[in-house]
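Structure first, then comments.
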Amino acid sequence: EDVGVYIRVSTDDQVGEDKFGLSIQLDEIKDYCSKKEFHIIKIYEDAGVSGAEQNRPALNDMLEDAKNNMFQKVIVAKFDRLARELYLQLFIEKELLIHEVEIFSVREQFSGKDPVMVMMRQMMGVFAQFEKNRIAERLNSGRLVKRDKGGYIGGQPPLGYYSIKGSKKLFVNEEKTEVIIEAFRLKGKMSLKQIANKLNEDGYSTRDDKPFSPMQVKRLYDREHLYKGYMEAPPILKNTD
């Protein structure tokens with residue numbers, strides 16, 4: 001039986017030696033398919049992309065191929081590789097089931113399109129979403145307390161800043177301010193991928209001195225309020241509002 005394989009990791013750290021990185025997922029899936037006598041037609045790989053993001057290149061390709069009846073099943077190492085948001089899980093499942101494509105997980109039960117299996121997957125998604133929301137609420141409460149005391153609340157300092165051990169403040173890293181200014185200059189003029197390529201071509205690098213990815217560029221833009229000094233750090237960008 002023909003199958004498509006979907007693998008994903010959410011951060012650039014996971015792209016490397018993550019405990020559940022791409023190579024581990026793929027090895028487990030290949031072993032699973034071999035035992036089940038499934039024929040892998042195509043491997044869809046999203047590297048450095050969040051499971052909460054709907055617009056993923058490989059995911060989009062997979063859904064399009066499902067419409068064209070390229071395979072009868074999609075195999076994942078875990079269901080959360082497909083989606084980490086309940087609404088997105090339901091959307092992807094619906095798109096696949098419409099075209100009679102079943103979803104199978106190597107590590108979990110409740111695979112296939114049987115109504116009971118679909119219901120159990122959806123229940124798993126509900127509880128996963130609930131737990132995720134609870135964790136986010138607890139983390140946010142702790143961060144707000146720290147912020148009210150005048151401390152930095154974001155964990156590891158973002159690009160453009162550094163912190164001193166024992167200090168509760170962020171300081172501007174002058175060596176990295178130019179790339180932030182350039183990235184925001186390009187915002188809206190190119191796609192995230194084009195901007196990442198441009199920054200890399202111009203010799204800029206991330207906080208860890210690695211090449212930029214589209215997701216890392218997006219993270220810069222998500223921190224615009226931080227870079228403009230609205231939050232707990234000195235400004236790097238001029239406030240033109």
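For the sequence shown, the UniProt record's numbering assigns the number 1 to the initial residue and increments by one for each residue that follows.
Even glycine gets a Cβ: it sits at the ideal position worked out from N, Cα and C.
This one's a predicted model, so the numbers in the text were calculated from it and none came from an experiment.
Query                                                                                                                                                            : Result
Since residue 78 and residue 107 are thought to touch, with beta carbons under 8 Å apart, how far apart are those beta carbons, to the nearest angstrom?         : 5 Å
Helix, strand or coil for residue 196? Go by DSSP, reduced to three states.                                                                                      : helix
Output yes or no for whether 9 Å exceeds the beta carbon distance between residue 161 and residue 184.                                                           : no
Measure from the alpha carbon of residue 58 to the alpha carbon of each residue in 6, 199, 215 and 197, then state which is nearest.                             : 6
Could you tell me whether the Cβ atoms of residue 92 and residue 32 are closer together than 9 Å?                                                                : no
Tell me which residues share the same chain as residue 67 and place their Cβ nearer than 7 Å to its Cβ, disregarding the 5 neighbours each side in the sequence. : 99
Mind checking residue 212: buried by the 16 CB within 10 Å criterion, or exposed?                                                                                : buried
Looking at the strands, I want to know which residues DSSP matches up with residue 170.                                                                          : 163
Can you tell me the Cα-Cα spacing of residue 49 and residue 176, whole angstroms?                                                                                : 24 Å
Nearest-angstrom Cα distance between residue 42 and residue 2?                                                                                                   : 9 Å
What's the C-alpha gap between residue 104 and residue 72?                                                                                                       : 11 Å
Whole angstroms is fine: what's the gap from residue 54's alpha carbon to residue 60's?                                                                          : 9 Å
Is DSSP giving residue 138 helix, strand or coil here?                                                                                                           : helix
If you count every other CB in all the chains shown that lies within 10 Å of the CB of residue 238, and 16 or more means buried, which is it?                    : exposed
Throw me the rounded Cβ distance for the residue 204 and residue 172 pair, which I believe falls under 8 Å.                                                      : No, residue 204 and residue 172 are not in contact; Cβ-Cβ is about 17 Å, not under 8 Å.
On the DSSP bridge assignment, give the partners of residue 105 in chain order.                                                                                  : 76
Kindly indicate which three-state DSSP category residue 17 falls into: helix, strand or coil?                                                                    : Because the pLDDT at residue 17 is just 42, under 50, the model does not fix this residue reliably, and the value given afterwards should be weighed accordingly. Of the three classes helix, strand and coil, the one that applies to residue 17 here is coil, per DSSP.
With DSSP as the reference, identify every bridge partner of residue 43, one or two as the case may be.                                                          : 5
Using the beta-carbon count (16 or more within 10 Å), is residue 102 buried or exposed?                                                                          : buried
Residue 128 to residue 88, Cα distance in whole Å?                                                                                                               : 13 Å
Look at residue 126 and residue 86 and say whether their C-beta atoms are less than 9 Å apart.                                                                   : yes
In the structure shown, what three-state DSSP assignment does residue 52 receive?                                                                                : coil
Using a Cβ-Cβ distance under 9 Å, would residue 69 count as near chain B?                                                                                        : Checking the listed chains, one finds no chain B in this structure; it contains a single protein chain.
With residue 216 and residue 206 assumed to form a contact (beta carbons below 8 Å), what rounded beta-carbon distance in angstroms separates them?              : 6 Å
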